[in-house]
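Peer 1: Residue numbers (our numbering): 575 to 1022. Have a look at this one before I ask anything.
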Amino acid sequence: LPPGDSQLKGGRAALDSQAGIILYEDTGSEFDRAFLIAHELGHVVLEGGTQDVVTEQVEPDRSVEDAPVGIEKVLDYGARERREVRMDIFARELLLPRSMVRHLHVRDGCSSTNIATRLGAPPQVVQQQLLDALLLPEDSCIESFEVPAAALTPDPIQIAAAEHRNSAFLLQAGPGTGKTRTLVRRIESLLAEGVDPMSILVLTFSNKAANELSERLAASNPTAAAMWIGTFHAFGLDIVRRFHDKLGLSPDPRLIDRSEAIELLEDELPRLPLRHYRNLWDPALDLSDMLNAISRAKDEVVDAASYRALAQSMADNAGHDEEATTRAEKCLEVALLFETYERLMAAGQMIDFGDLVAQPVRLAETDAEVRAALKARHQHVLVDEYQDVNRASVRLLKTIVSDGRNLWVVGDARQSIYRFRGASATNMAQFSMDFPGAQVRQLGVNYR
């Protein structure tokens, strides 16, 4: 079809599952057209091709394993974006198999430019596929090992945990006890009962864990691709984008990292009446310390106005204690910077990492419409590595699940090693208080 044809529904390619056809833009090189077709074929091969798909964009030279920098290290793809990543990689492997590219380079001595000319593919795509072929292990190089049958067969406790219903549930599971297998079984049991995959929300603490879980579920159940699987902060960003108008933000606000925050504040620093934090020779040092305090405040869902009130209370109660007075003065200076920082961020339509949970929490706790929308969309919530949640994350969960009827979490207090942004294993101990009526069970067999 010509670009912009109405049958493409605003995309570059589309899969019509009922008609069993692939529609694509008749534009660009032969490779461009082939890549669009191969991308849609990925939806058929990897997902069964039972749902209509519209592909808005493709990235033929996408890396298999991203090496992100800055703020990208903490962002994750939503379900839809993750699907498109898999399809791009599938398409490139279908058109330019690594084994073939490796053979042409290693055995025939062809450079990436030679291979690109010979195959009619863009040089950057060939180079990325060649890097993957040379740096990633071949399947034959991966050592195989026999897994004990007992480790593959769910034990009664795992089955009972996966099939629990109608109240909040905490599964305590140490290394080697099959917690991921139980989590997967839980999701599969919900899908088997006819639960809409789009109503299932799975929250993790790393992009890698989210990707691995997505692939594992997709391998056994193609409909799992419709679930939302990702990190707490990626989920928070999704909420910010969905309800941007209520937050006074643009549809896609700019997310800045620590170095960008320092750069934003450096020009303002000389104009602020600071006494304790006034290193004009190297302002980045003081700014980094102050931003650490602001970041921790956001992890406790404390805004600039509340921070100033707390700092003023410290000053009022310091009396004649010189050390207490100094601490209070420092906190008041941080409060001033906090206010300046929020003003600059609002003017620039920007958010930072701390906002990704704090802003959704404040919005959901105060806006009944948002709260109702989140509850309606995410009817079954599962959390992996619960020992690493902080109080802001717990508050976000409570706005979605209320009494926790369909909340299911797994964690191990002994593995609380990240201490990430105020995370504490005490949240596991408080689980029954946060969600009254919750049940707690433990996996006791270590299959390793």
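Backbone N, C-alpha and C define an ideal beta-carbon position, used for all residues, glycine too. Given the structure is predicted, the values throughout are model-derived calculations rather than measurements.
1) Helix, strand or coil for Val643, going by three-state DSSP, please let me know.
2) Is Met924 helix, strand or coil by DSSP?
3) Taking CB distances under 7 Å as the criterion, tell me whether Leu589 reaches chain C.
4) Give me, in chain order, the residues of the same chain whose beta-carbon lies closer than 6 Å to that of Tyr881; leave out the 5 immediate sequence neighbours on both sides.
5) With a threshold of 7 Å on Cβ separation, who are the neighbours of Val643 within its own chain once the five nearest residues in sequence on each side are excluded?
6) Please report the distance separating the alpha-carbon of Asp826 from that of Arg815.
7) Can you give me the start and stop residues for the beta strand (DSSP E) that Ala587 sits inside?
8) With DSSP collapsed to three states, give me the class of His1026.
9) Give me, in chain order, the residues of the same chain whose beta-carbon lies closer than 6 Å to that of Glu599; leave out the 5 immediate sequence neighbours on both sides.
10) Take Ile974 and list the residues in its own chain whose beta-carbon comes closer than 7 Å to its own, dropping the five residues that flank it on each side.
11) Nearest-angstrom Cα distance between Thr687 and Leu670?
12) So, Ala1003 versus Gln961, is the Cβ gap smaller than 7 Å?
13) Taking contact to mean at least 3 C-beta pairs separated by less than 8 Å, is the segment 668–684 in contact with the segment 581–595?
14) What do you get for Phe1005, buried or exposed, if any count of 16 or more other CB atoms within 10 angstroms of its CB means buried?
15) If you measure between the beta carbons of Ala612 and Leu678, is that distance less than 7 Å?
16) The ligand FAD heavy atoms versus the CB of Ala783: any closer than 6 Å?
17) Kindly confirm or deny that the segment 823–840 and the segment 854–861 touch, where touching means at least three C-beta pairs closer than 8 Å.
18) Ends of the alpha helix (DSSP H) at Val935?
19) Given this structure, state the Cα-to-Cα distance separating Gln698 from Ser637, to the nearest angstrom.
20) For Arg1022, is the classification buried or exposed, using 16 other Cβ atoms within 10 angstroms of its Cβ as the cut-off for buried?
21) Taking the runs of the beta strand (DSSP E) that are 3 residues or longer, which of them lie wholly in the segment 751–810?
22) Any idea what DSSP makes of Ala593, helix, strand or coil?
23) At the level of alpha carbons, what is the spacing between Arg666 and Gln703?
Peer 2: Inspection of the coordinates gives the following:
1) At Val643, the pLDDT of 48 sits below 50, so the modelled position is not reliable and the matter cannot be decided from this model.
2) strand
3) The structure shown has no chain C; it contains just one protein chain.
4) Ala871, Ala909, Phe912
5) Bear in mind that the predicted position of Val643 carries a pLDDT of just 48, short of 50, making it unreliable; the figure below should be weighed with that in mind. Same-chain partners within the cutoff: there are none.
6) 6 Å
7) 587–590
8) In this structure the chain extends from 575 to 1022, so residue 1026 is not present and cannot be described.
9) Pro577, Arg586
10) Leu948, Lys949, His952, Val955
11) 14 Å
12) no
13) no
14) buried
15) no
16) The model depicted lacks the ligand FAD and carries no ligand whatsoever.
17) yes
18) 929–940
19) 11 Å
20) exposed
21) 774–778, 802–805
22) coil
23) 8 Å
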